[in-house]
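Q: The structure that follows is given in the form of C-alpha cells.
Protein chains: 2
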Amino acid sequence: MIGKIHKQMSHDSWLFSKMATPEYTPFVFLLLLFQSSVWGFPSCHATKPGMLNVHLVPHTHDDVGWLKTVDQYFYGDRNDIQHAGVQYILDSVVDQLLKNPDRRFIYVETAFFYRWWKQQTDDMQNTVKQLVNEGRLEFVNGGWCMSDEATTHYSAVIDQMTMGLRFLNDTFGHCGRPRVAWHIDPFGHAREHASMFAQMGYDGFFFGRLDYQDRNRRMVAREQEMLWRASESLTPPMADLFTGILPNGYNPPEGFCWDQSCDDPPIRDDPDLEDYNVDDVVTRFLHIALVYKTNHIIMTMGSDFQYENANLWYKNLDKLIRYVNQMQSNGSEVNVLYSTPSCYLQELHRANLTWPLKGDDFFPYADSAHDFWTGYFTSRPALKRYERISNSYLQTCKQLEVLGGPISRKGPFGAGDSETLKKAMAVAQHHDAVSGTEKQHVANDYARKLANGWAHCQVLVSNTLSSLSGSSAPRVYCEHLNISVCPLTETSKKFSVNVYNPLARPVSWPVRLPVNGTAYRISDAKGKAVDSQVGLSVLIMVVICRCSITFVMTFLRVTFDPETGLLSSLSNLETQQTVKLSQNFYWYNASDGNNSESIQMSGAYIFRPNTSTPFIISKTAKIETLQNSVVQEVRQWFSPWVSQVVRLYTDSRALELEWTVGPVPIGDDLGKEVISRLDSSINSSGVFYTDSNGREMLQRRKDYRPTWNLRQSEPIAGNYYPINSRAYIKDDKDQLTVVTDRSQGGGSIQDGSLEIMLHRRLLYDDVRGVGEPLNEMSDIYPEGLVVRGRHLLSLSPPATAADTHRPLAQEVYQAGGEREPIFSGLQAVLPPAVHLLTVSQWDQDTVLLRLEHQYQASESKEHSQPVTVNLQKLFSTLDVLGVSEMNLSANQWKDEMTRLDWKAESGTHHTGVTNQLSAYSAL
Amino acid sequence: MIGKIHKQMSHDSWLFSKMATPEYTPFVFLLLLFQSSVWGFPSCHATKPGMLNVHLVPHTHDDVGWLKTVDQYFYGDRNDIQHAGVQYILDSVVDQLLKNPDRRFIYVETAFFYRWWKQQTDDMQNTVKQLVNEGRLEFVNGGWCMSDEATTHYSAVIDQMTMGLRFLNDTFGHCGRPRVAWHIDPFGHAREHASMFAQMGYDGFFFGRLDYQDRNRRMVAREQEMLWRASESLTPPMADLFTGILPNGYNPPEGFCWDQSCDDPPIRDDPDLEDYNVDDVVTRFLHIALVYKTNHIIMTMGSDFQYENANLWYKNLDKLIRYVNQMQSNGSEVNVLYSTPSCYLQELHRANLTWPLKGDDFFPYADSAHDFWTGYFTSRPALKRYERISNSYLQTCKQLEVLGGPISRKGPFGAGDSETLKKAMAVAQHHDAVSGTEKQHVANDYARKLANGWAHCQVLVSNTLSSLSGSSAPRVYCEHLNISVCPLTETSKKFSVNVYNPLARPVSWPVRLPVNGTAYRISDAKGKAVDSQVGLSVLIMVVICRCSITFVMTFLRVTFDPETGLLSSLSNLETQQTVKLSQNFYWYNASDGNNSESIQMSGAYIFRPNTSTPFIISKTAKIETLQNSVVQEVRQWFSPWVSQVVRLYTDSRALELEWTVGPVPIGDDLGKEVISRLDSSINSSGVFYTDSNGREMLQRRKDYRPTWNLRQSEPIAGNYYPINSRAYIKDDKDQLTVVTDRSQGGGSIQDGSLEIMLHRRLLYDDVRGVGEPLNEMSDIYPEGLVVRGRHLLSLSPPATAADTHRPLAQEVYQAGGEREPIFSGLQAVLPPAVHLLTVSQWDQDTVLLRLEHQYQASESKEHSQPVTVNLQKLFSTLDVLGVSEMNLSANQWKDEMTRLDWKAESGTHHTGVTNQLSAYSAL
C-alpha cells in the first residue's frame, strides 16, 4: 500500500553526505511548487540623500488570539470585549492601497491572511497579487502567527513559520517571501529565534520591546540597530541577523495616531472650516526626537488591530507627507515617505556602516523598575504542557501520514488529517497563546482547537496503524493519562497497546497505564515478556518512618533525609560523583500593588513577589515509598495541595520528580506563585544556564546583563529567565541539569540553588491589557486548577552533561517510546547527534525532512562533531528520488539564499558575545 | 449704483395678483439654474407582491453639532468626546456603494455634505453624481440640518431648508431633490413643520420619536402611518403630509447592528471557522415583530454617525439579504431588499390604502411615564434669544444686500457677506443647537459662529448704508444693548443713529440707548425733533411705598397692588375691558433622581419637577417707578437674582415685562427651573393656546391629548408645550396673549393661569446623551448665567386679538424699527395681512422674495381675508423683469409640483382634526 505513491528510483543510487557542524540541515524532496527566481527588494520610494528620510510604515498588529479567540478577531465578533475585526482590516487596506499607488502596507500574520484570502473572489485575489508584485502590499514575518519567544520550542516555531511562509509562497511566489522578521510585540527576545530567522533567509529583524535600561543606553549610544550573532555554534554570518529596535514600540509618535481607535486630531486643512491645524501638525512632526544612526528613521504608523478603516490613516498620512514635504521649499531638510521595513532596511544597508554586535538575548524584559515580564514564563502551566504534548503528537501524526500514505487520510476509520492539528499548533505558538497571557476563554479555545486537532490526527493514526499492522480493530486513545484515567485499560482483562516513537533512534521509556487488576502479563508484539509492575496493588512497602531511604538503580543513587522526608543527595554511579541535594516547594506572595515603591501587581505577564523570601509550604514531607524491579518511588505529601512522586527507573540516567500542585489556596487573599527549589552543594558562583527555545544554552549571571550595567530593582523577578526545556548549575566538577516537560520560569538566587516556578494563582490583573487576574478554575477544577508535571534531574561532569541532557530533553519533548517496534519507518538508526526534526508530507510526491545536529559546539567531546547521514538508506518504505536542500523554513532553495551582508563593528566592547563564547569555550 | 445690476423691463408693465387665502406665497424672480424636468422616483429594487418585503435603509444620523461642534464632527476631531467623523462616513459610503450596485444609502444633512463635496476631486464628484442619478445615493430631507421642531421659528427653518435644498439642486439637478422629509431624531414634532414640508413638495415624512403611549396605541391599531393635515388654513391637500413612524426609532432591530460602533455578532458564514451563525441570524431576523399595515416594512439600518466604515454594514447586509432570501426556496415568505425611504414610500402609495388623519401635533414627547422632554423648550435661554436676534439681523442683512447691490459685498468698509450668517443661522436650527441640548462648548461654538456671521453682515450693512446715505463715516454697532452697554453713545456728545426696519410696513418701536449726559436733543434725518427721554438721569420719581400705582397710556391701563408691588389688573382702554391680573416668579425644584417612582432627573432635555407646586421667590416686590411722556415703568426687585421692569409705552397696545433672572443660586444643591406666572380672572376652562413654530396656533387642553386617552403621570411637565412666539388664554370675553422674545416652554396648570419657564439651572445630567448638567456659567458670569428677556402682554376680545398679536409678534421677532426712513427699499407699504418674509439675493440678477399671509383662517375678521399685492410697484430701486412662483423651499417651480396623492380614512375618529377645527371655528 505504502509504496504505491512513490516512484521507483530511476537513477543510480547516491549518497548524500552533509558535514553537520552543529547546525540545522533541512532537506526537502522535490519541492516543485517554488518559483526559483531570486527576487530583489520591492519597489521602494526614492529617498533624498541630503535629508532626514522618515519612513512611514503603515501596519496593523493582529494578535492571533488574546482577549478574543482567533476566529472572533477575524470576524470582528465580540467587539464588546475588544473592537477588532481582521476581515475588515484587509478589506479596507486593499481598498485604500488602490486609491493611491504611493501608499504602502505590510501584513504579518498569515493565520488571518489565509482566512481572508480564501473568502475572496478571483478578481480580488488578482488585485491583491498585483499589489504584492508591485511592492505596495508587503508581507513581513509571514509565519502563521508572531510566535512567543520565551515559552515556545524551536520545533513548533519552525513548523508555524513554515506553514505561513508556504502559504505565501504558494500564493504569491517570490514576491510574497518576507525579507524582514517582525516581532514587534513579544515580551523579550530569544537568541534562538534570531538564529532561526537568519537560517530562514531573513535579511533583518525588527522588534519593539526591550528592557527600559537597555533601551535608554542604546538610545544614548545610538545602538538601537545592531548585528545579532545569534549562535555560538554556527559559522558567521549563518546566524547573524541585522536587528533594529523600533522607535516607539510599534506605535506611531504621540499625537499622530489616525486610526479609528485613536483620538488624535485629524489634519484639518480646509481653511474655510474651524481649527485649521496644518501648521501645528507639521511643526509637531518636525520636532519628534530622532536618535538613530543614519539619515533614515522608521515610524510605525499603526498598532493593535488598526486599519479596520484604513481611510482614516491614509487620508491623514497623505496630507502629512504633502504638507511636511512642502516645507522643503522653505528649507526644511525632512523628507517623509511611505515605506516598508524592507525598504527601510535597504536604506540602512546602503548606508554601508558598521553595526555593534550582540551575542546574548533580550531576557528578561522589564518596562519599568518593578515590572519584570517574567511571570508568563510559567503562566497557565497546564496549557503550556498541553501545547508540548500536542506537538509531540503532531510529529507522530505527520510521520504516520508519510508512512501511511493516502490511506492515512482516508482509511477504515474515516477521514483524518494532520492539517487541523498543524493549524492548532501554529496558532498556539502566538505570543498570547502558549505564553499564557490570554483571557481564560481564549485559553480554553486554544485547548479546544488542539483537542480537535488530536481528534483529526487520531483518525489518521488509526488508519495508518491499521494499514501497517493489517488489523482494523478499533483503537482507543488514552488521553487522560495525566490524571491516571483510561477506561479501557481500567476495565479490560486483556488489551494491546500501541506506542509510537517519533525519534529516529530507539529509546527506553516507561509506559504507565491505570489498571484495576492485581496481576498482568505483558508481552511485546512477538509474545516476549516485558518487564512491568502494577502500581499500588503490588506495592512492596509503605513507609512512614524516620528511617533512612536510599534508592539505587543502574545509574543513580538517591538518598532522602529521614527527618524531613526530603531529598538529601544525588549520586552518579558511573562517574562516581555525589552532590548534596535537597528539594522543596515554596510560594512567593504575589504583590497586590499595595507596595510603597510602585503599584505593580503580579499578573499573567508580570512576576512581582512582595518579598524576596518565599514561604515554605512544609519543612517536612509525609512519605510513602514503593520499590520494585522497574521503579523505585518516594511519594511525598507537603500539604493538601502539594505532593510529589520521586521516581527512579531501572535504566534511567535521570531522577524523575513528578510534582502535583493545586488547587492553590487563596482563602487568605494572597496570590501565590509556587516554586520547586533545588539546593545543592554545587559552587555555582552566581551563574546558571538556561536553554533558548529548547536548543542552545545561554549563561545567566545573577544581577547582571552582558550588554549593560544593570541597576537591579527586583532581586527575584529580575533574575528569572525562561526555561524551555532545561536549566543547569555547575562548578568545575558537577553539573546538575533539570529537564522540564514544558516552559517554565526559573532562576538561581543563591549559589548552588535552582528554582523553577510551577504554578501561579493570582488575584489581580497586572494592567498590561489582558484585564483578568490569572486565576485558573474550571468545571473540573472549581476549587482551582491542579497541575502535574515532571522535572528530570541528572548529575554529570560538565564536560559530558550534554550527552545525557540532549537525548533526555528530546525524549521528554517527544514524550513516548517503544521497546521493539512492530514496524519501523526508518531503515537505519540516525547517529546520536542527529535529531529527526521533521518528517512531513509536503505534497503528493514530496516529503519535507528536517534533520538537525542536536549538540551545540564544544558541549560534548563525543557528539559535538560533524556527522554524516546516508539519506538514501534512511527510510524503509520510501524510495528517495532526489533531494533538494532548502532554507530552514522551506520557502527558498538553499543555494538561492542571498542575504544582505552586514558589517560588525570591530572591538564591540559590551555585546556579551565575547563573554558568552569564552564561557562556552571553558566547557 | 443699485440699478446697475437690474436690467430694464423689456415688456409691458404687469400686475401680479395673488389670492392670498392665508397661505405662504413665495415668488422667485428668474431662477435660471433650476432644471425644469419633473423627475420620478429613483430606480427602486423590485419587491415581491406575495411576500412581506423588508426595506433595509442604510443611513447615518449626523448631528450638526451636539457633543462636538459641527466642524469637529466633520473632521472626526475630538474623538475622545464621541467617535464621529463625517468626512470618513461619506468617503466610505461612496466606496462601498461602488462595490455593489444593489446597495443603497441615504444622506440627510447638507451642512456636512457640502463640506465634504467641496473637498472632492472632479472625478469623485462625477462618480457621486452618477450614484445620485442612479438612485443608489439618495438625499432625504436635504436641509442644511435636521431642524429642531419645538424651539425654531418657521422663518429660520425655511431659510435653512432652502439653503440645503438649493445646494442639492445646484449640484445634482432634479435627481438631488429629496422626496421625503426625515426627522428621525427631533424630540417631538410640530404641525407647522409638517405644513412646511408639504408646501416644500415632500411626498412623505418619517420620524422616530413620539410619546410612548401614543406609539403603543398606534402599534396596536396599526396607525403608525397616517395622513397629517397640518394646517387649518390651507385647503387640503396643500398641507397634507403622509407621515410614517419608524419601527425602532431610527436604529436597526436589536442584534442586527453591524456598524463599527456596535457589538452585535457579524454574520459568520465560513463553515471552516468557529461559530458559523448563518442559521441563527436568519432565524432571528425572521422573528422580528412586524406591526405595519401593508406587506412592506422599513428597517433603518444605521444610527448616529454610523457608516464611518461602511464595509462592516454592507458586508453583513449583503449576507443577510442573500441568506434570508435563500430561505424563500424553503417556503419563507419574507423578501429583503436594499431600499430608501422614497422607494418604501412608493410601495405604500402603490398599496392604495386609506390612512388615518392626524390634525394636532406630537408635543409634548415622553419616552416614559416620568420622562417628558419639555425642559429643552427653555434650555439655554440666552442662546435661544441670540438665535432670534441673529435671524432678525440676517433678514436685515439680506435685504440690504439686495438694496445695496454688489457694493454691499465689496465697498468702502471692505468685504462683507450674508453667507456667513446664513450658514451660522442654518446650523443653529439643528435639533441640538437652538434646542439647548448640546454640550456647553458646542453652545459656545454656535454663538461664536453667529457672532462671526454678524461681523460679516456688519461690513455688508455698512457698505450698503454708506452707499444709500452717501456718507462713508465709520459706523459702530451697539451689540451689547442687552446689558445697556454702547461705548459710543455713552461717551459721545453728538452721534447719529441708523435704525433699520426689515418689515414691509412702518412700525412704532422704542429705541433705548445707554447715555451719560443729562439732556439730549433728538431729531430725525430731516432735523425734526423726536420724542425721547433720558433714562435714570431724568427719573421723575422713585417710589418705594405702599401707595397705589396705576399706569395709563393711550391704549392700556395697568394697576399694581400697593401691598405686594405686583401687577393687579390690566385694562384695554379701546375695548373697555379689564381683567384681574397678577404676575410673579417661582421655581420648580428639579428632580435629582432620588424619587421613589423613577430615577429620572431634570436635565437639558427633560423637565421633571420634584413637586407640582413651585416655590415662590418672593411674595412681594420692592419697586421703583419712572414716568415720562414716552414710557411708564415699574421696576420690581424680587430677590438678588430676580428683577423685572414693567413698561408701558405711549403708543403701545402691549405691556412689556422685562424680566432679569440669574445667577440662579444653587448653594442649596437644588436645581431650579424658574417660571414667570400670570394669574388672571379669565375663565380658561383648562384650555390654552400656543403657536406652532411662530405661525399657526394650536389648542392645548390640560391632561389631555386629542389622539389618545392620556394617562397623565407628570402633572406639570406633562402639560408643558413649546411657545415659539406667543401663548394665550381666553374665555368668551377676554383673551390675554403673551408674546415672547424667544422660544420658551409653558403651560396653564390652573384656570386663568399661564406660566412660562424663563431659565433653568440644573445639577444633573438627564441621561439622554449630552452628558452634562445644564449649568450655564462663563467667564463673564462665573456665578451663573444671568438672562434678560421680555414678555409682551395684550388684552383683547378673542375675535380681534390676532389683530394685535400678529403684528406685535412680527415686531418682536424682527426686533427693530424706525420712524421715518431715510431710505425705503419698498415703494409701497404692504397690506397689513402680508408679511415680507424673505428678500434675498439669489444670484446676480435674481432675487428671492417670499410674501406670506400672516393671519390664519378665521382668526381676524378684518385680516383673515384674501389680499392682493402688486409686485411690480413694490420695490423702489429694483426693476422687476419677471416673476416665477416656486415651492416654499424654492427648489421647484410651483407649477411642476406633483406630489403623491394620499387618501384619508373617512370618519377617522380620534385624530384631533375635528376638535381642532371646531375649536377654531368657535373663534
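Chains as they are written, first to last, in the UniProt record's numbering: chain A, 1 to 923; chain B, 1 to 923.
Ideal Cβ placement from N, Cα and C applies to all residues, glycine included.
All values derive from a computational prediction rather than experimental measurement.
1. Using the Cα positions of B/Asp71 and B/Pro252, report the straight-line distance between them to the nearest angstrom.
2. If contact means a Cβ-Cβ distance below 8 Å, which residues of the stretch 307-319 of chain A contact chain B?
3. Along chain A, which residues have their Cβ under 7 Å away from the Cβ of B/Tyr88?
4. Can you list the beta strand (DSSP E) stretches of 3 or more residues lying completely in the stretch 76-116 of chain A, in chain order?
5. May I ask which residues mark the beginning and end of the beta strand (DSSP E) holding B/Tyr500?
6. In whole angstroms, give me the CA-to-CA distance for A/Asp751 and A/Asn891.
7. Any idea if B/Gln814 is buried or exposed, counting beta-carbon neighbours within 10 angstroms, 16 or more meaning buried?
8. Beta carbon of A/Arg268, beta carbon of B/Asp779: below 8 Å?
9. Run the CB neighbour count on B/Lys903, radius 10 Å, all protein chains shown included, and call it buried at 16 or more, exposed below.
10. Distance, Cα to Cα, B/Asn133 vs B/Ala198?
11. Per DSSP, what are the beta-bridge partners of A/Tyr588 in this structure?
12. Roughly how many angstroms lie between the CA atoms of A/Pro514 and A/Tyr477, to the nearest whole one?
13. Could you pull out every residue in the same chain whose Cβ sits closer than 7 Å to the Cβ of B/Pro22, ignoring the five residues on either side in sequence?
14. Going by Cα to Cα distance, which pick from A/Ala366, A/Ala654 and A/Lys358 is closest to A/Pro715?
15. Taking C-beta pairs closer than 8 Å, name the residues in chain B that A/Ser92 reaches, listed in chain order.
16. Measure how close the beta-carbons of B/Gln429 and B/Thr152 come, nearest whole angstrom, since I'm counting them as under 8 Å.
17. What is the residue span of the beta strand (DSSP E) that A/Gly746 lies within?
18. Using a Cβ-Cβ distance under 8 Å, would A/Thr60 count as near chain B?
19. Taking the runs of the alpha helix (DSSP H) that are 4 residues or longer, which of them lie wholly in the stretch 323-397 of chain B?
20. In chain order, what residues of the stretch 265-296 of chain B put their CB closer than 7 Å to some CB of chain A?
21. Against chain A, does B/Gly76 count as a neighbour if the rule is that its beta carbon must be under 8 Å from one of theirs?
22. Which of helix, strand or coil does DSSP assign to A/Gln458?
23. Between the C-alpha atoms of B/Asn309 and B/Val93, what's the straight-line distance to the nearest angstrom?
24. Whole angstroms is fine: what's the gap from B/Pro420's alpha carbon to A/Leu273's?
25. Which residues in the same chain as A/Met553 place their Cβ atom closer than 6 Å to its Cβ, once the five residues preceding and following it in sequence are excluded?
26. From A/Asp679 to A/Gly188, what distance separates their C-alpha atoms?
27. Do we get a CB-CB distance below 8 Å when we pair B/Asp80 with the residues of chain A?
28. Would you report the Cα separation of A/Val839 and A/Phe875, rounded to the nearest angstrom?
29. Cutting at 8 Å between CB atoms, please list the residues of its own chain near B/His441, excluding the five before and the five after it.
30. For the stretch 417-448 of chain A, list every residue whose C-beta sits within 7 Å of some C-beta in chain B, in sequence order.
31. Measuring CA to CA, which of B/Gly718, B/Arg742, B/Ser743 and B/Ser748 is closest to B/Ile729?
32. Locate the beta strand (DSSP E) running through residue 925 of chain B, then write down its first and last residues.
33. Pick helix, strand or coil for B/Phe875, following the three-state DSSP scheme.
34. Which one of B/Leu808, B/Asn463 and B/Gln841 has the shortest CA to CA distance from B/His835?
35. Here's the rule I'm using: 16 or more other beta-carbon atoms within 10 Å means buried, otherwise exposed. How should A/Glu859 be labelled?
A: Here's the rundown:
1. As a position in the second sequence, residue 71 of chain B is number 71, starting the count at 1. As a position in the second sequence, residue 252 of chain B is number 252, starting the count at 1. C-alpha separation (whole angstroms): 27 Å.
2. Glu308, Asn309, Asn311, Leu312 and Lys315
3. Residue 88 of chain B sits at position 88 when you count from the first residue of the second sequence. Chain A residues near B/Tyr88: Asn309, Asn311 and Leu312.
4. 105-107
5. Translated into positions along the second sequence, residue 500 of chain B becomes position 500. Looking at the DSSP string, B/Tyr500 is not in any beta strand (DSSP E), and its letter there is neither H nor E.
6. As a working mapping, residue 751 of chain A is identified with position 751 in the first sequence. As a working mapping, residue 891 of chain A is identified with position 891 in the first sequence. A/Asp751 and A/Asn891: Cα-Cα distance of roughly 46 Å.
7. The residue labelled residue 814 of chain B in the question sits at position 814 within the second sequence. So B/Gln814 ends up on the buried side.
8. Counting from 1 along the first sequence, the entry for residue 268 of chain A is found at position 268. Counting from 1 along the second sequence, the entry for residue 779 of chain B is found at position 779. No, the pair does not count as a contact, with Cβ atoms beyond the cut-off.
9. Within the second sequence, numbered from 1, the residue matching residue 903 of chain B stands at position 903. Label assigned to B/Lys903: exposed.
10. Here residue 133 of chain B is taken as the residue at index 133 of the second sequence, counted from 1. Here residue 198 of chain B is taken as the residue at index 198 of the second sequence, counted from 1. Each residue's alpha carbon lies about 24 Å from the other.
11. Position 588 of the first sequence, counted from the first residue, corresponds to residue 588 of chain A. Bridge partners of A/Tyr588: A/Glu673.
12. Within the first sequence, numbered from 1, the residue matching residue 514 of chain A stands at position 514. Within the first sequence, numbered from 1, the residue matching residue 477 of chain A stands at position 477. Going by the C-alpha atoms only, they are around 13 Å apart.
13. As a working note, residue 22 of chain B is residue 22 in the second sequence. Its pLDDT being 41, under 50, B/Pro22 is placed unreliably by the model, and the measurement read from it follows with that caveat. The answer, listed in chain order, is Ser233, His853, Tyr855, Gln856, Ala857 and Ser864.
14. Within the first sequence, numbered from 1, the residue matching residue 715 of chain A stands at position 715. Out of A/Ala366, A/Ala654 and A/Lys358, A/Ala366 has the C-alpha closest to the C-alpha of A/Pro715.
15. The sequence position of residue 92 of chain A within the first sequence is 92, counting from 1. Those are Asn309 and Asn311, listed as they occur along chain B.
16. Counting from one through the second sequence, the residue named residue 429 of chain B turns up at place 429. Counting from one through the second sequence, the residue named residue 152 of chain B turns up at place 152. Right, the Cβ-Cβ distance comes to about 5 Å (below 8 Å), so this counts as a contact.
17. Position 746 of the first sequence, counted from the start, is the residue given in the question as residue 746 of chain A. Per DSSP, A/Gly746 belongs to the beta strand (DSSP E) from Gln744 to Gly747.
18. Taking the first residue of the first sequence as 1, we reach residue 60 of chain A at position 60. No, because no Cβ of chain B sits closer than 8 Å to the Cβ of A/Thr60.
19. 341-350
20. Pro265, Pro266, Arg268, Asp270, Leu273, Glu274 and Asp275
21. Taking the second sequence and counting its residues from 1, the one referred to as residue 76 of chain B is at position 76. Taking Cβ atoms only, chain A reaches closer than 8 Å to B/Gly76, which makes this a yes.
22. Position 458 of the first sequence, counting from 1, holds the residue named residue 458 of chain A. Correct three-state label for A/Gln458: helix.
23. Counted from its first residue, the second sequence places residue 309 of chain B at position 309. Counted from its first residue, the second sequence places residue 93 of chain B at position 93. C-alpha separation (whole angstroms): 8 Å.
24. Along the second sequence, read from residue 1 onward, the residue named residue 420 of chain B stands at position 420. Along the first sequence, read from residue 1 onward, the residue named residue 273 of chain A stands at position 273. The sequence shown places Thr at residue 420 of chain B, not Pro. Whole-angstrom Cα-Cα distance: 11 Å.
25. Indexing the first sequence from 1 puts residue 553 of chain A at position 553. Within the same chain, A/Met553 has close Cβ partners Leu648 and Thr650.
26. Sequence index remark: in the first sequence, residue 679 of chain A carries index 679 (1-based). Sequence index remark: in the first sequence, residue 188 of chain A carries index 188 (1-based). If you take the alpha carbons of A/Asp679 and A/Gly188, they lie about 28 Å apart.
27. Taking the second sequence and counting its residues from 1, the one referred to as residue 80 of chain B is at position 80. B/Asp80 counts as touching chain A.
28. To locate residue 839 of chain A, count along the first sequence from 1; it is residue 839. To locate residue 875 of chain A, count along the first sequence from 1; it is residue 875. Roughly 11 Å between the two C-alpha positions.
29. In the second sequence, counting from the first residue as 1, residue 441 of chain B sits at position 441. Result list for B/His441: Thr69, in chain order.
30. none
31. As a first step, residue 729 of chain B must be located in the second sequence, where it is residue number 729. Here the closest residue by C-alpha is B/Ser748.
32. This structure gives no information on residue 925 of chain B, because the portion of chain B shown stretches from 1 to 923.
33. Start at 1 with the first residue of the second sequence, and residue 875 of chain B comes out as number 875. Three-state DSSP puts B/Phe875 in a strand.
34. Residue 835 of chain B sits at position 835 when you count from the first residue of the second sequence. Out of B/Leu808, B/Asn463 and B/Gln841, B/Leu808 has the C-alpha closest to the C-alpha of B/His835.
35. In the first sequence, counting from the first residue as 1, residue 859 of chain A sits at position 859. With 16 or more Cβ atoms within 10 Å of its Cβ, A/Glu859 is classed as buried.
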